[in-house]
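Going by our numbering, the letters in the sequence shown line up with residues 2 to 483, in that order. Glycine is no exception: its CB is placed at the ideal position from the N, C-alpha and C atoms.
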Amino acid sequence: TLGVWAQQLARGLVPYRDVWDQRPPLMHLLHFLVYAGGVSGMELTRVTDLLVQVATAGVLGLLALRMFGRGAGILAGALYAYCYFGQADFHHTSQPDGLVGLFAALAILFALQSGPKRRLLSGAMLGLAFLAKYPAALLFPVLVGIAPEGGDWKRRARQAMEVALGAAVPVLSLIVWLAATGALGDFLMDTVVFNLGHGKIGTERPELSMQALEVLAQLLNRREVLAPLLLLPLARLERRSTLVAGAWGLVSFLMVLVQRKFFSYHFLPLVAPLALLSAGAVRGLALRLVAEPAPRMRKVTWAIALVLTLGAGYRTAARWGRSAVAAVQVASDDEARSAFHALHVNPFLGFSLGDDLEAAAAIKAMARPGDRLLVFGAPLLYYLSELQPATRFIMDSPFVAKGHPERYDRELERALDSRPPEFVAVYLRNTCRAVTGYDEPSASLLRLQPKAQRRLAELEKVLELETVAVYASRERAAALAP
2 TLGVWAQQLA RGLVPYRDVW DQRPPLMHLL HFLVYAGGVS GMELTRVTDL LVQVATAGVL
62 GLLALRMFGR GAGILAGALY AYCYFGQADF HHTSQPDGLV GLFAALAILF ALQSGPKRRL
122 LSGAMLGLAF LAKYPAALLF PVLVGIAPEG GDWKRRARQA MEVALGAAVP VLSLIVWLAA
182 TGALGDFLMD TVVFNLGHGK IGTERPELSM QALEVLAQLL NRREVLAPLL LLPLARLERR
242 STLVAGAWGL VSFLMVLVQR KFFSYHFLPL VAPLALLSAG AVRGLALRLV AEPAPRMRKV
302 TWAIALVLTL GAGYRTAARW GRSAVAAVQV ASDDEARSAF HALHVNPFLG FSLGDDLEAA
362 AAIKAMARPG DRLLVFGAPL LYYLSELQPA TRFIMDSPFV AKGHPERYDR ELERALDSRP
422 PEFVAVYLRN TCRAVTGYDE PSASLLRLQP KAQRRLAELE KVLELETVAV YASRERAAAL
482 AP
């Protein structure tokens, strides 16, 4: 949908008034700028994501250099990039959660410098972070509290006003523009009212313990930036810098919690502050070893470094190995090659070459004999099922249930039956219709059991949607097949 938005903006349509989306506008505006540079299709999303994340790694390196000194800058940028690109799939591609880290890091970098102009710039970066992800506003007290000048409450109040004034500039500029184009009401309904209801739906779990376990699992999954934190008790760190990085991490965790949904990409705001702290911990330990070259301390350090290196290397090798096996499977089968082509040019489903190869191999593995229709109902399942525990395994393997087509069909039917028509309408109107009208071939070709097909047909009647808005025609599927 990000590529579709960029196309529509280039044609002169007004955001939110003419094109629906629940996300705040900054990610769309960045895609529009890249689209204006001549990039389109799925490559638009990939290129935008690459530019944003490389810039984030660079800014994080500058911040670590200022806070913790030489060596920490390179390490922070490298840790962030490895953690992000090492586990990113189509969930993570150009998500607002991944964008907020860039502007949060810039806001902190300016806030650590003296002078009203720097605080205005810090506030402007906070405003942009807010337009990427609304919970980023929680960073405001941190930016005010880390001002190097300090002072009494009157001076702190003036500093807070300077940050707030800077933040108001991009936000008020957007509001004025939307009001002038008659889209302000649609903007509030799409990005505020809908998201409040969307978040409520996302918390429909029977036990709170399930949510707590999922949060813990997602945190531990960021082991590249989490494991070095074990070095903190052994490190020699400047207290203020450690508190600043810790405060940023705490605010990022609160950003995750207030959303009340815990998909993998919702935890992306945590990666930048954790990478910053981890880089500081490694450099702080190095400083302590130079000052206190105790043999025992050195052995402990090398042991920890060896474990971290082997763990990261094993994970990378395993990922490349899976992609290599999938490449052989795809190359040896016509239907798998067709599925891979449809995935890799799709405007919103694919991500990296390895992910698309694995997905194509998985699609082939679950296809029934003689089934010529490409199997890819996971996007619909993803939007409709939310956090139902029974469906989470489908998205992790990747996208589809390998070797379990009957369970996949059953879970898709359950997802369709469990969501109100109004919620399904949002997805159908926004994503499916946009994708089926896209310039490139679409892989949203759903093989649904009769019950699921009847459910979709009922929704079409209620919502007065055309069939093409729900799933592509068999003729289109045949055109994609070899």
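**Item:** Closest residue to alanine 1 among Val40, Ala165, Arg156 (Cα-Cα distance)
**Value:** No statement about residue 1 is possible, as the shown extent of the chain runs from 2 to 483 and does not include it.
**Item:** Supposed close pair alanine 7, leucine 52 - CB separation, criterion 8 Å
**Value:** Alanine 7 to leucine 52, Cβ: 14 Å. No contact.
**Asked** Going by beta carbon distance, what residues of the same chain come within less than 7 Å of valine 283, once the five residues before and after it are set aside?
**Response** Excluding positions up to five away in sequence, the list reads Leu76, Pro229, Leu232.
**Asked** tryptophan 178 lies in the alpha helix (DSSP H); which residues open and close that run?
**Response** Under the DSSP assignment, tryptophan 178 falls in the alpha helix (DSSP H) whose first and last residues are 154–181.
**Message:** Tell me whether the segment 181–190 and the segment 138–158 touch, counting them as touching only if at least three CB pairs, one residue from each stretch, are closer than 8 Å.
**Reply:** The count of Cβ pairs closer than 8 Å, one atom from the segment 181–190 and one from the segment 138–158, stays below three, leaving the stretches out of contact.
**Asked** Name the DSSP beta bridge partners of proline 16, please?
**Response** For proline 16, which the question treats as bridged, DSSP gives the partners Val20.
**Message:** Quick check on arginine 240: buried or exposed, where buried means 16 or more other Cβ atoms within 10 Å of its Cβ?
**Reply:** Result: exposed.
**Rounded distance between the beta-carbons of leucine 275 and valine 226, thought under 8 Å** = That pair is a contact at about 4 Å.
**Item:** C-alpha distance - valine 40 paired with alanine 236, whole-angstrom precision
**Value:** Their backbone Cα atoms lie some 45 Å apart in a straight line.
**Prompt:** Nearest-angstrom Cα distance between proline 16 and glycine 4?
**Reply:** Taking the straight line joining both Cα atoms gives about 13 Å.
**Per-residue burial, arginine 24 [other beta carbons within 10 Å of its own, 16 or more giving buried]** = Answer is buried; the Cβ neighbour count reaches 16.
**Message:** Within 10 Å of its beta-carbon, does proline 171 have 16 or more other beta-carbons around it, so buried, or fewer, so exposed?
**Reply:** With 16 or more other Cβ atoms within 10 Å, it is buried.
**Item:** Inter-residue CB distance, alanine 82 and glutamine 54 (contact presumed, cutoff 8 Å)
**Value:** The C-beta distance from alanine 82 to glutamine 54 rounds to 7 Å, short enough to fall under 8 Å.
**Asked** Near aspartate 191, what residues of its chain come up, given a Cβ to Cβ distance below 7 Å and the 5 sequence neighbours on each side ignored?
**Response** Once the five neighbours on either side are set aside, the close Cβ partners of aspartate 191 are Tyr17, Trp21, Asp22, Gln23.
**Request:** Name the residue from Lys134, Leu290, Ile147, Ala65 whose alpha carbon lies nearest to the alpha carbon of glycine 116.
**Result:** The candidate whose alpha carbon is nearest that of glycine 116 is Ile147.
**Message:** Taking the straight line between their C-alpha atoms, what separation do you get for alanine 337 and valine 326?
**Reply:** Cα to Cα, the separation comes out at about 13 Å.
**Prompt:** Within the present structure, is the beta-carbon of tyrosine 85 separated from the nearest heavy atom of the ligand MN by less than 7 Å?
**Reply:** Absence of the ligand MN from the depicted structure is noted, as is the absence of any ligand whatsoever, leaving it without description.
**Message:** Can you tell me whether lysine 134 is buried or exposed? The criterion is at least 16 other CB atoms within 10 Å of its CB, across all chains shown.
**Reply:** Lysine 134 is buried by the Cβ-count criterion.
**Asked** Which residue from Gln96, Arg12, Gly78 puts its Cα closest to that of proline 26?
**Response** Checking every option, the nearest Cα to that of proline 26 belongs to Gln96.
**Message:** Could you give the first and the last residue of the continuous alpha helix (DSSP H) run that contains threonine 243?
**Reply:** Run containing threonine 243: 240–260, per the alpha helix (DSSP H) assignment.
**Asked** With burial defined as no fewer than 16 other Cβ atoms inside 10 Å of the residue's Cβ, what is the status of alanine 435: buried or exposed?
**Response** At alanine 435 the pLDDT is 35, less than 50, meaning the model places this residue with poor confidence; the figure from the coordinates comes in the next sentence. With 16 or more Cβ atoms within 10 Å of its Cβ, alanine 435 is classed as buried.
**Request:** Look up glycine 38 in the DSSP assignment and say whether it is helix, strand or coil.
**Result:** In this structure, glycine 38 counts as coil in the three-state DSSP scheme.
**Message:** Going by DSSP in three states, lysine 134 sits in which element: helix, strand or coil?
**Reply:** Note: lysine 134 maps to coil in three-state DSSP.
**Prompt:** What are the boundary residues of the alpha helix (DSSP H) that leucine 140 is part of?
**Reply:** From DSSP, leucine 140 is part of no alpha helix (DSSP H); its letter is neither H nor E.
**Prompt:** In its own chain, which residues sit with a C-beta less than 6 Å from the C-beta of alanine 130, not counting the 5 before and 5 after it?
**Reply:** Around alanine 130: Val101, Phe104, Ala105, Ala137.
**Per-residue DSSP class, three states only, for leucine 113** = Per DSSP, reduced to three states, the secondary structure at leucine 113 is coil, with no helix or strand assignment.
**Asked** From what residue to what residue does the alpha helix (DSSP H) around leucine 10 run?
**Response** Counting along the chain, the unbroken alpha helix (DSSP H) around leucine 10 starts and ends at 3–11.
**Asked** Grouping DSSP H, G and I as helix and E and B as strand, with all else coil, what is glutamate 150?
**Response** Reduced to three states, the DSSP call for glutamate 150 is coil.
**Asked** Closest to arginine 119 by CA distance: which of Ser279, Leu277, Gly167 is it?
**Response** In terms of CA proximity to arginine 119, Gly167 leads the group Ser279, Leu277, Gly167.
**Extent of the continuous alpha helix (DSSP H) run through glycine 186** = Note, glycine 186: alpha helix (DSSP H), 185–189.
**Prompt:** What residue from Phe86, Leu139, Ala158 has the CA that sits closest to aspartate 50's CA?
**Reply:** Among Phe86, Leu139, Ala158, the Cα nearest to that of aspartate 50 belongs to Phe86.
**Item:** Whole-angstrom C-beta distance between alanine 58 and leucine 78, which should lie under 8 Å
**Value:** As written in the sequence, residue 78 is glycine, which differs from the leucine given in the question. A Cβ-Cβ separation of about 4 Å places glycine 78 in contact with alanine 58 under the 8 Å criterion.
**Item:** Inter-residue spacing [alpha-carbon to alpha-carbon] between leucine 484 and alanine 11
**Value:** The structure shown has nothing for residue 484, since the chain only spans 2 to 483.
**Request:** Run the CB neighbour count on leucine 107, radius 10 Å, all protein chains shown included, and call it buried at 16 or more, exposed below.
**Result:** Per the 10 Å Cβ criterion, buried.
**Prompt:** Which residues in the same chain as glycine 62 place their Cβ atom closer than 7 Å to its Cβ, once the five residues preceding and following it in sequence are excluded?
**Reply:** The beta carbon of glycine 62 sits closer than 7 Å to those of Gly74, Ile75, Ala77, Gly78, all from its chain and outside the five residues before and after it, given in chain order.
**Request:** Using beta-carbon positions only, say whether glutamine 160 and valine 145 come within less than 8 Å of one another.
**Result:** Against a cut-off of 8 Å, the Cβ pair of valine 145 and glutamine 160 comes out as a contact.
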